[in-house]
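Worksheet: the structure to be examined is printed underneath.
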Amino acid sequence: MKRDIYRRFAFIETCLYWGAGITARQLGETFDIARQNAQVSIDAYRKKHPENLRYNHSSKRHEVTENFQPHYINLEPRRYLNYLRGNSLTGRFWEDEEWSDLLIQDVDILFRPYLETTIVRKVVSAIQTQQALHLYYHAKTGTQRLSIAPNHLVYASQRYHLRAYCYDWHKHIDLVLSRILEAEFSDEDWVSDEEDEDWKQFVELQFMPNPELPEPMKKTLLLDFRLQDGIYAISVRKALMAYVLREMERLDWRYKIPLWIKTE
Numbered sequence: 001m002k003r004d005i006y007r008r009f010a011f012i013e014t015c016l017y018w019g020a021g022i023t024a025r026q027l028g029e030t031f032d033i034a035r036q037n038a039q040v041s042i043d044a045y046r047k048k049h050p051e052n053l054r055y056n057h058s059s060k061r062h063e064v065t066e067n068f069q070p071h072y073i074n075l076e077p078r079r080y081l082n083y084l085r086g087n088s089l090t091g092r093f094w095e096d097e098e099w100s101d102l103l104i105q106d107v108d109i110l111f112r113p114y115l116e117t118t119i120v121r122k123v124v125s126a127i128q129t130q131q132a133l134h135l136y137y138h139a140k141t142g143t144q145r146l147s148i149a150p151n152h153l154v155y156a157s158q159r160y161h162l163r164a165y166c167y168d169w170h171k172h173i174d175l176v177l178s179r180i181l182e183a184e185f186s187d188e189d190w191v192s193d194e195e196d197e198d199w200k201q202f203v204e205l206q207f208m209p210n211p212e213l214p215e216p217m218k219k220t221l222l223l224d225f226r227l228q229d230g231i232y233a234i235s236v237r238k239a240l241m242a243y244v245l246r247e248m249e250r251l252d253w254r255y256k257i258p259l260w261i262k263t264e
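If you're matching positions, the sequence shown starts at 1 in the numbering used here and goes up one per residue.
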């Protein structure tokens, strides 16, 4: 199946299951195609999965049936809410409030550090074109001059990070994007993440509610994550393990102790 058809089918299922249904006009506006072509896509979906939708003549919409089964989307709620959040962020980028028909107010974006446009452009370009960079980087010990080969962008702890090979330290390191003061392209041979074992390796971290918490709070944490055995297991790249530990073990503002503790 062609990618554009797959995406249209996935959008149809999203509107059927999570929304009030789908119309040819809605599909056409979303994918910038003629209404007639959108109707062809809906008819093609119906032919392939007739049990999933029916046409409501009153609302003039194709609506979900009680026998609906997904073929192109995952029904896990967090995925759908992440999709909505992504649409809201995309609409913010395009300065188009109508980009998403259900906006999510994202408080998280209020706390992101300042980023220099020219530096971000060079970092993104270096990753896409596999080029090395010379940097002036502000570390906790002071400003350093580093030569790096950028590999991955990471979002953690309410800020953007850069995973890169460092020629000076002969290993892959993490850099905070907002702490890059200057960046220039370098002629050094770009180094991939092929030998970045910490990036390729996944580890499982296990946490439990802090025993020092009041019993109602412990039960609340267990309920939030539906933890039947009392253990919250997180699978994460080894290179990003520190961010998970920082988030899970930070002091709670109310109880002055971490909500979670790592199990042995």
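Beta carbons are placed, not taken as given, at the ideal position from N, Cα and C, and that holds for glycine.
The model shown is predicted, which means the values in this text are computed figures rather than measured ones.
Measuring C-alpha to C-alpha distances from Ser147 to each of Ser59, Val64, Asp187, Thr23 identifies Asp187 as the nearest.
A check of alpha carbon separations from Asn87 across Thr220, Gln105, Tyr72, Tyr45 identifies Gln105 as the nearest. Looking from the CA of Tyr155, the closest CA among Asp108, Gln36, Asp229 belongs to Asp108. Nearest to Asn56 by alpha-carbon distance, out of Leu245, Leu223, Ala20, Thr117, is Ala20. For Ser41, the number of other beta carbons within 10 angstroms of its own is at least 16, and it is reported as buried. For Tyr55, the secondary structure class from DSSP, reduced to helix, strand or coil, is strand. Rounded to whole angstroms, Glu66 and Pro214 show a C-alpha spacing of 43 Å. DSSP, read as helix, strand or coil, puts Val191 in coil.
The beta carbon of Glu204 sits closer than 6 Å to those of Ala233, Ser235, all from its chain and outside the five residues before and after it, given in chain order. Looking from the CA of Leu135, the closest CA among Ile22, Pro50, Glu182, Pro70 belongs to Glu182. Counting C-beta pairs closer than 8 Å gives fewer than three between the segment 75-82 and the segment 21-33, which falls short of the contact rule. Counting the other Cβ atoms within 10 Å of the Cβ of Pro150 gives 16 or more, which makes it buried.
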